[in-house]
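With the sequence shown counted from 1, adding 330 to any position gets you our numbering.
We put the beta carbon where it would ideally sit given N, CA and C, even for glycine.
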Amino acid sequence: MTNHHADATDAGAASSSSATGTTVTVDAHLPSDWARGAMREDIHRAFTRRPMILPPKWLYDDRGSEIFDGITRLPEYYPTEAEREILAGHAAEIAAVTGATTVVELGSGTSDKTRTLLDAFWSTGQLERFVPLDVSEATLLAAADMLAARYEGLEVRAVVGDFTRHLQQLPRGGTRLVAFLGGTLGNFYEEERRAFLGAMADSLEEGEWLLLGVDRVKEVGRILDAYNDSAGLTDDFIKNVITVLNRELDGDLPVQDFDYIPFWDAKQERVDMRLRATAPIQSRIAALDLDVALDLGEELRVEISNKFRIDQLDAELASLGFELAHSWTDANEDFGMVLARRTAD
Ligand SMILES: C[S@@+](CC[C@H](N)C(=O)[O-])C[C@H]1O[C@@H](n2cnc3c(N)ncnc32)[C@H](O)[C@@H]1O
Numbered sequence: 331m332t333n334h335h336a337d338a339t340d341a342g343a344a345s346s347s348s349a350t351g352t353t354v355t356v357d358a359h360l361p362s363d364w365a366r367g368a369m370r371e372d373i374h375r376a377f378t379r380r381p382m383i384l385p386p387k388w389l390y391d392d393r394g395s396e397i398f399d400g401i402t403r404l405p406e407y408y409p410t411e412a413e414r415e416i417l418a419g420h421a422a423e424i425a426a427v428t429g430a431t432t433v434v435e436l437g438s439g440t441s442d443k444t445r446t447l448l449d450a451f452w453s454t455g456q457l458e459r460f461v462p463l464d465v466s467e468a469t470l471l472a473a474a475d476m477l478a479a480r481y482e483g484l485e486v487r488a489v490v491g492d493f494t495r496h497l498q499q500l501p502r503g504g505t506r507l508v509a510f511l512g513g514t515l516g517n518f519y520e521e522e523r524r525a526f527l528g529a530m531a532d533s534l535e536e537g538e539w540l541l542l543g544v545d546r547v548k549e550v551g552r553i554l555d556a557y558n559d560s561a562g563l564t565d566d567f568i569k570n571v572i573t574v575l576n577r578e579l580d581g582d583l584p585v586q587d588f589d590y591i592p593f594w595d596a597k598q599e600r601v602d603m604r605l606r607a608t609a610p611i612q613s614r615i616a617a618l619d620l621d622v623a624l625d626l627g628e629e630l631r632v633e634i635s636n637k638f639r640i641d642q643l644d645a646e647l648a649s650l651g652f653e654l655a656h657s658w659t660d661a662n663e664d665f666g667m668v669l670a671r672r673t674a675d
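What follows is the structure in structure tokens.
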């Protein structure tokens, strides 16, 4: 995992890059040895408890982010185009309703679809600042440079950070709209989602806004096709986590001895993406001084993707300090977008 800013501290350090002649401010909240801090703890926990559960953020090293970008272009992966369609249809309304002067994007990745949203804000003249936040530094900085070049004069303040840890450090001032797109909310387990939305409410002032893009419950075959693509990109993406932890923590887990297994959990209404050992595995993660043993058939839970019913999400938001302002869907009713306002405590 490369770290762009050697002087970054957990408290945040500011520096600049100017690949395009427009200055992008970078706030680095991750410590320079982040891959050996939070990751050490997460991986140690994952391999010393049953069931073995990895947090999905470790999927997104530079290669993981690139593979994910490829997934979003696959014909089977309907969420990206469905979300783009909603944004194209309603971005102007979102800008008008919220009057936001700052757009924050959590888990921004390439910020590809976000241009549709930002174009609408930009054309009203109201947009002063864009704050993309992501753990994947190279992807984040490339996107920040691209956006600074597109909107001359816009303050772009990229935050290298973890949205489960750094919401309180988001810049304040003006009226903020926090966008959390791409169905990333669905990657949390239920308790984590409630904790995240609660922390989000705590970090927003009354009258500020949250925009959530979520995948909806639908026919299971179409959902599973999106996570089991014929090009094998999702397989590569999920297995990449083994490569990441071998590299970062000096491990020797055999990637070739895992099968990618996606399945639909009907009770929880989510896709569950696991790696299953196809042979008994005896490995070592040297940086953790940890021996790892998996029996044949044992599974590592790598990622989930919850599918939502909008009325249930509205009720959850209402219980956590938000009121629903609008919700939209695409023509196929595949994807949902919810705009909610922070209420008074
Ligand atoms: C499902 S992708 C969505 C990317 C993009 N927003 C989209 O709509 O296509 C999730 C993104 O969140 C980032 N991410 C995952 N966990 C994160 C965390 N805990 N903190 C910050 N970023 C995270 C990943 O690096 C990735 O860019």
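| message | Just checking residue 637 against ligand 1 - is the residue's beta carbon closer than 6 Å to any of the ligand's heavy atoms? | response | Here residue 637 is taken as the residue at index 307 of the sequence shown, counted from 1. No; taking the cut-off as 6 Å, the Cβ of residue 637 has no heavy atom of ligand 1 nearer than that.
| task | Mind checking which residues open and close the beta strand (DSSP E) that includes residue 406? | result | Locating residue 406 in the sequence shown gives position 76, counting from the first residue. Taken as a continuous stretch (DSSP letters only), residue 406 belongs to no beta strand (DSSP E), as it is neither H nor E.
| query | Three-state secondary structure (DSSP) at residue 349? | reply | As a working mapping, residue 349 is identified with position 19 in the sequence shown. Any reading at residue 349 must be qualified, since the residue scores a pLDDT of 48, below 50, and its modelled position is unreliable; the value itself is stated next. In this structure, residue 349 counts as coil in the three-state DSSP scheme.
| query | Which residues in the same chain have their Cβ closer than 8 Å to the Cβ of residue 370, if we skip the five residues on either side of it in sequence? | reply | Taking the first residue of the sequence shown as 1, we reach residue 370 at position 40. Setting aside the 5 residues that flank it on each side, residue 370 is surrounded in the same chain by 579, 617, 618, each with a C-beta closer than 8 Å to its C-beta; the list follows chain order.
| Stretch pair the segment 443-453 + the segment 411-423: three plus CB contacts closer than 8 Å | Touching, yes, given that three or more Cβ pairs across the two stretches are closer than 8 Å.
| message | Can you tell me whether residue 570 is buried or exposed? The criterion is at least 16 other CB atoms within 10 Å of its CB, across all chains shown. | response | Counted from its first residue, the sequence shown places residue 570 at position 240. Burial state of residue 570 is buried, judged by a 10 Å Cβ sphere holding 16 or more other Cβ atoms.
| field | Cβ distance (whole Å) where residue 542 is taken to contact residue 668 below 8 Å | value | As a working note, residue 542 is residue 212 in the sequence shown. As a working note, residue 668 is residue 338 in the sequence shown. Confirmed, Cβ separation roughly 5 Å.
| message | Between the alpha carbons of residue 625 and residue 383, how many angstroms are there, rounded? | response | Counting from 1 along the sequence shown, the entry for residue 625 is found at position 295. Counting from 1 along the sequence shown, the entry for residue 383 is found at position 53. Taking the Cα positions, residue 625 is about 16 Å away from residue 383.
| field | the segment 452-460 in contact with the segment 469-489 per 3-pair CB rule at 8 Å | value | Yes, the segment 452-460 touches the segment 469-489.
| query | Pick out every residue whose C-beta is nearer than 5 Å to a heavy atom of ligand 1: which are they, in chain order? | reply | Qualifying residues, in the order they occur: 387, 390, 437, 439, 464, 465, 466, 492, 493, 494, 511, 512, 514.
| task | Could you tell me whether the Cβ atoms of residue 545 and residue 581 are closer together than 7 Å? | result | Within the sequence shown, numbered from 1, the residue matching residue 545 stands at position 215. Within the sequence shown, numbered from 1, the residue matching residue 581 stands at position 251. No. Outside cutoff.
| residue 497 - DSSP class collapsed to helix/strand/coil | Stepping through the sequence shown from its first residue, residue 497 is reached at position 167. Helix, per DSSP.
| 4-residue-minimum alpha helix (DSSP H) runs that sit fully inside the segment 516-559, ordered along the chain | Runs of the alpha helix (DSSP H) inside the segment 516-559: 520-533, 550-556.
| field | Secondary structure of residue 636, DSSP reduced to three states | value | Mapped onto the sequence shown, residue 636 falls at position 306. In the three-state scheme derived from DSSP, where H, G and I count as helix and E and B as strand, residue 636 is classed as strand.
| request: For residue 563, I'd like the list of residues in its chain whose CB is within less than 7 Å of its CB, leaving aside the five on either flank, ordered along the chain. | output: Numbered from 1 along the sequence shown, position 233 holds the residue referred to as residue 563. Result list for residue 563: 397, 400, 401, 404, in chain order.
| request: Answer yes if the segment 550-562 comes into contact with the segment 518-537, meaning at least three C-beta pairs across the two stretches below 8 Å, and no otherwise. | output: The segment 518-537 is not in contact with the segment 550-562.
| task | Let me know if residue 597 comes out buried or exposed under the rule of 16 or more other beta-carbons within 10 Å of its beta-carbon. | result | Numbered from its first residue, the sequence shown carries residue 597 at position 267. That one is exposed.
| said: DSSP three-state label for residue 438, please. | reply: One-based indexing of the sequence shown puts residue 438 at position 108. DSSP places residue 438 in coil when its eight states are reduced to three.
| request: Taking residue 389 and residue 652 to be in contact with their CB atoms under 8 Å, please state how far apart those CB atoms are, rounded to whole angstroms. | output: Residue 389 sits at position 59 when you count from the first residue of the sequence shown. Residue 652 sits at position 322 when you count from the first residue of the sequence shown. 28 Å between Cβ atoms; not a contact.
| query | DSSP on residue 513, reduced to helix/strand/coil? | reply | The residue labelled residue 513 in the question sits at position 183 within the sequence shown. Residue 513: coil per DSSP, three-state reduction.
| task | State the Cα-Cα distance for the pair residue 673 and residue 609, rounded to the nearest angstrom. | result | One-based indexing of the sequence shown puts residue 673 at position 343. One-based indexing of the sequence shown puts residue 609 at position 279. A straight-line Cα-Cα distance of about 53 Å links residue 673 and residue 609.
| message | Quick check on residue 516: buried or exposed, where buried means 16 or more other Cβ atoms within 10 Å of its Cβ? | response | Residue numbering aside, residue 516 sits at position 186 when the sequence shown is read from its first letter. With 16 or more other CB atoms across the displayed protein chains lying within 10 angstroms of its CB, residue 516 is buried.
| task | With DSSP as the reference, label residue 458 as helix, strand or coil. | result | The residue you call residue 458 lines up with position 128 of the sequence shown. Under the three-state reduction of DSSP output, residue 458 falls in the coil class, being neither helix nor strand.
| said: So for residue 561, helix, strand or coil by DSSP? | reply: Counting from one through the sequence shown, the residue named residue 561 turns up at place 231. Residue 561: coil per DSSP, three-state reduction.
| message | Do residue 603 and residue 629 have their beta-carbon atoms positioned less than 7 Å apart in this structure? | response | Residue mapping note: residue 629 aligns to position 299 of the sequence shown, counting from 1. Residue mapping note: residue 603 aligns to position 273 of the sequence shown, counting from 1. Not in contact: residue 629 and residue 603 (Cβ atoms no closer than 7 Å).
| Roughly how far, in whole angstroms, is the beta-carbon of residue 548 from the beta-carbon of residue 600, given that I think they are within contact range, below 8 Å? | Position 218 of the sequence shown holds residue 548. Position 270 of the sequence shown holds residue 600. Separation of the CB atoms of residue 548 and residue 600 is rounded to 13 Å, and the pair is thereby denied contact status at 8 Å.
| said: Can you list, in chain order, the residues of its chain with a C-beta nearer than 7 Å to that of residue 395? Leave out the 5 residues immediately preceding and following it. | reply: Reading the sequence shown from its first residue, position 65 is the one you call residue 395. Non-local beta-carbon contacts of residue 395 in its own chain, meaning distances under 7 Å to residues more than five positions away in sequence, involve 439, 466, 469 in chain order.
| request: Identify whether residue 642 lies in helix, strand or coil by the three-state DSSP scheme. | output: Taking the sequence shown and counting its residues from 1, the one referred to as residue 642 is at position 312. In the structure shown, residue 642 sits in a helix (DSSP, three-state: H, G or I).
| task | Write down the C-beta distance between residue 614 and residue 622 rounded to the nearest angstrom, noting that I regard them as a contact closer than 8 Å. | result | By one-based count along the sequence shown, residue 614 stands at place 284. By one-based count along the sequence shown, residue 622 stands at place 292. Yes, they are in contact, since the Cβ atoms of residue 614 and residue 622 sit about 7 Å apart, within 8 Å.
| field | Reference residue 656; option with closest CA among 477, 377, 558, 671 | value | Residue numbering aside, residue 656 sits at position 326 when the sequence shown is read from its first letter. Nearest option by C-alpha distance: 671.
| request: Give every residue of the same chain whose Cβ lies closer than 6 Å to the Cβ of residue 534, excluding the five residues on either side of it in the sequence, and list them in chain order. | output: As a first step, residue 534 is located in the sequence shown; it is residue number 204 there, counting from the start. Excluding sequence positions up to five before and after residue 534, its CB lies within less than 6 Å of the CB of 672, all in the same chain and listed in chain order.
| query | Apart from the five residues just before and just after residue 436, which ones in its own chain have a Cβ nearer than 6 Å to its Cβ? | reply | Start at 1 with the first residue of the sequence shown, and residue 436 comes out as number 106. Here the set comprises 463, 493, 510.
| request: Spatial neighbours of residue 406 within its chain, please: CB distance less than 7 Å, with the 5 preceding and 5 following residues excluded, ordered by chain position. | output: Taking the first residue of the sequence shown as 1, we reach residue 406 at position 76. Result list for residue 406: 555, 556, 559, in chain order.
| task | Could you round the C-beta distance between residue 539 and residue 430 to whole angstroms and report it? I think they count as a contact, below 8 Å. | result | As a position in the sequence shown, residue 539 is number 209, starting the count at 1. As a position in the sequence shown, residue 430 is number 100, starting the count at 1. Between residue 539 and residue 430 a beta carbon distance of about 6 Å is seen, short of the 8 Å cut, so the two are scored as contacting.
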